[in-house]
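Scroll down for the structure; my scribbles are underneath it.
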Amino acid sequence: MLRALIAVIGLLSMSVPAQAAATQPIAFSRAALVNGTGNGVQFADGSLVLAAGQSSGTWTSDPTQPGFAFDRLVASWNADTPADGSLRIAAQVTTDAGETSDWYTLGVWAGDDHAVQRTSVPGQRDALGRVDTDTLRAQAALFTSYTLRVQLERASADDPSPTLRMLGASASNFKYTDGQAVSRPISTDAVELAVPAYSQEIHARQYPRWGGGGEAWCSPTSTEMVVEFWGRGPSNADLAWVDATIADPSVDYAARATYDAAYRGTGNWPFNAAYAARYGLEAFITQLHSLSEAEQFIRSGIPLVASIASRPGELDGFLFSGGTNGHLVVIVGFDASGNPIVNDPAAWSDASVRRVYDRAQFERVWRRGSGGTVYVIHPLEVALPAES
1 MLRALIAVIG LLSMSVPAQA AATQPIAFSR AALVNGTGNG VQFADGSLVL AAGQSSGTWT
61 SDPTQPGFAF DRLVASWNAD TPADGSLRIA AQVTTDAGET SDWYTLGVWA GDDHAVQRTS
121 VPGQRDALGR VDTDTLRAQA ALFTSYTLRV QLERASADDP SPTLRMLGAS ASNFKYTDGQ
181 AVSRPISTDA VELAVPAYSQ EIHARQYPRW GGGGEAWCSP TSTEMVVEFW GRGPSNADLA
241 WVDATIADPS VDYAARATYD AAYRGTGNWP FNAAYAARYG LEAFITQLHS LSEAEQFIRS
301 GIPLVASIAS RPGELDGFLF SGGTNGHLVV IVGFDASGNP IVNDPAAWSD ASVRRVYDRA
361 QFERVWRRGS GGTVYVIHPL EVALPAES
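Per this note's numbering: the sequence shown = residues 1 to 388.
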């Protein structure tokens with residue numbers, strides 16, 4: 001079984017009752033790039049590249065059966081696209097009624113925007129499923145298996161090839177019910193990771209062509225915090241186009257590098273993970289059942305970007321007191337009472353980014369808002385919790 005699937009399932013079994021894990025199953029798994037079916041590509045040094053003389057090629061995974069029926073699928077990929085290279089990621093699903101879907105495009109991606117427009121593909125909906133920007137959802141019958149496909153492209157067969165290092169997906173059947181019990185902390189010892197604190201609000205009205213400016217850049221700001229926690233990020237040469245008077249210019253760079261042209265924003269989850277992976281990190285999207293599970297990552301030294309959505313007045317201390325349909329923050333620690341310590345980019349200054357939120361309130365707006373969605377970003381040499 002794939003390492004990531006073992007890691008996530010092992011994590012769930014340690015931190016939630018068996019009944020909860022069984023009734024709200026989640027599984028992330030990586031596709032085995034050495035297997036599957038390729039056309040115009042080759043497997044080399046653990047990655048997929050275009051074969052010599054080819055400007056385009058495809059690779060299709062073997063079908064993945066997560067072991068439960070699911071209604072949501074989010075893909076993740078880690079790749080390099082030098083020159084004018086690009087990737088097109090697609091998924092096909094089979095339902096519990098035995099029907100097989102057409103291929104759904106989950107993203108057209110390139111590391112930069114000089115030659116290829118990085119974008120999701122709107123308007124994909126049929127009797128079996130629909131694509132909501134970055135998420136494939138079941139329309140009626142649940143899915144029981146999925147297959148992933150990637151198309152690698154370069155402008156000329158003489159150009160450097162795109163390199164796909166990881167392709168995976170998170171499948172889930174997660175339902176939040178009001179009144180669910182708050183998870184218990186796994187320790188009373190406080191823990192806090194030294195994650196850089198960046199405000200999105202100090203970037204308000206900057207470069208509005210990429211998603212509306214800093215007031216809308218919660219996702220890339222959060223992603224950049226974690227990237228820089230690992231000592232990675234854009235070089236001075238990369239930042240040369242950013243106005244020299246701007247503080248924290250790497251936030252502007254991350255916003256441009258995660259921008260989804262069709263969505264017209266920077267909140268595409270897999271695009272943010274793919275951006276982080278450009279720096280040699282592994283990054284993927286998955287879901288967790290509880291803050292107890294998140295705490296295991298923090299105590300393993302891995303901060304998490306978490307997706308929340310709150311109703312008016314629901315999260316004490318939150319800048320957007322009127323509520324929000326979606327917002328990204330970084331879980332960086334837990335205090336001695338088990339309350340999450342969060343770097344929240346919704347702050348008027350870098351100095352006010354650090355927040356301590358009430359555990360019950362935060363767990364509710366995270367689990368109800370996104371089904372416990374997180375970006376897991378880490379160097380391969382730093383083991384995931386179940387591998388520690």
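Ideal Cβ placement from N, Cα and C applies to all residues, glycine included.
A quick note: this is a predicted structure, and the numbers were derived from the prediction, not measured.
Asked: Does DSSP classify D350 as helix, strand or coil?; Found: helix
Asked: Contact defined as beta carbons within less than 8 angstroms: I believe P66 pairs with A140. What is the distance between those atoms, to the nearest angstrom?; Found: So it is not a contact: roughly 19 angstroms between Cβ atoms.
Asked: Please classify F362: is it buried, with 16 or more other beta-carbons within 10 angstroms of its beta-carbon, or exposed?; Found: buried
Asked: Per the contact definition of three or more C-beta pairs closer than 8 angstroms, is the segment 261-281 in contact with the segment 70-83?; Found: yes
Asked: Per DSSP, what kind of secondary structure is I285 in: helix, strand or coil?; Found: strand
Asked: In the DSSP assignment, the alpha helix (DSSP H) including Q139 goes from what residue to what residue?; Found: Careful: Q139 lies outside any alpha helix (DSSP H) and carries neither H nor E.
Asked: Look at the alpha carbon of S337 and the alpha carbon of R264, and state the distance between them as a whole number of angstroms.; Found: 40 angstroms
Asked: Might you give, ordered along the chain, the residues of its own chain that have their beta carbon closer than 8 angstroms to the beta carbon of W230, omitting 5 neighbours on each side?; Found: Y279, L281, I377, H378, P379
Asked: Whether or not the segment 248-260 and the segment 38-58 are in contact is what I'm after, with contact meaning three or more pairs of Cβ atoms, one per stretch, closer than 8 angstroms; do they touch?; Found: no
Asked: Report yes if the C-beta distance between V93 and G129 is below 8 angstroms; otherwise report no.; Found: yes
Asked: So if DSSP puts P312 in a beta bridge, which residue, or which two residues, is it bridged to?; Found: Note: P312 sits in no beta bridge, so no partner.
Asked: Please check the pair A127 and L106, which I expect to be a contact at CB under 8 angstroms, by giving their CB distance rounded to whole angstroms.; Found: 19 angstroms between Cβ atoms; not a contact.
Asked: Any idea which residues DSSP pairs G168 with across the strands?; Found: R30, S76
Asked: Helix, strand or coil for T188, going by three-state DSSP, please let me know.; Found: coil
Asked: Excluding the five sequence neighbours on either side, which residues of its own chain have a C-beta within less than 6 angstroms of the C-beta of L2, listed in chain order?; Found: With a pLDDT of only 33 at L2, under the threshold of 50, the placement of this residue in the model should not be trusted, and no figure is reported.
Asked: Nearest by alpha-carbon distance to D84: which of V116, G372, Y104, G53 is it?; Found: V116
Asked: Kindly indicate which residue of G36, V131, F143, S55 has the alpha-carbon position closest to the one of D71.; Found: F143
Asked: What does P249 pair with, by DSSP beta-bridge criteria?; Found: In DSSP, P249 forms no bridge with anything.
Asked: Any idea what DSSP makes of G231, helix, strand or coil?; Found: coil
Asked: Could you please give me the residues that DSSP links to H327 through a beta bridge?; Found: I308
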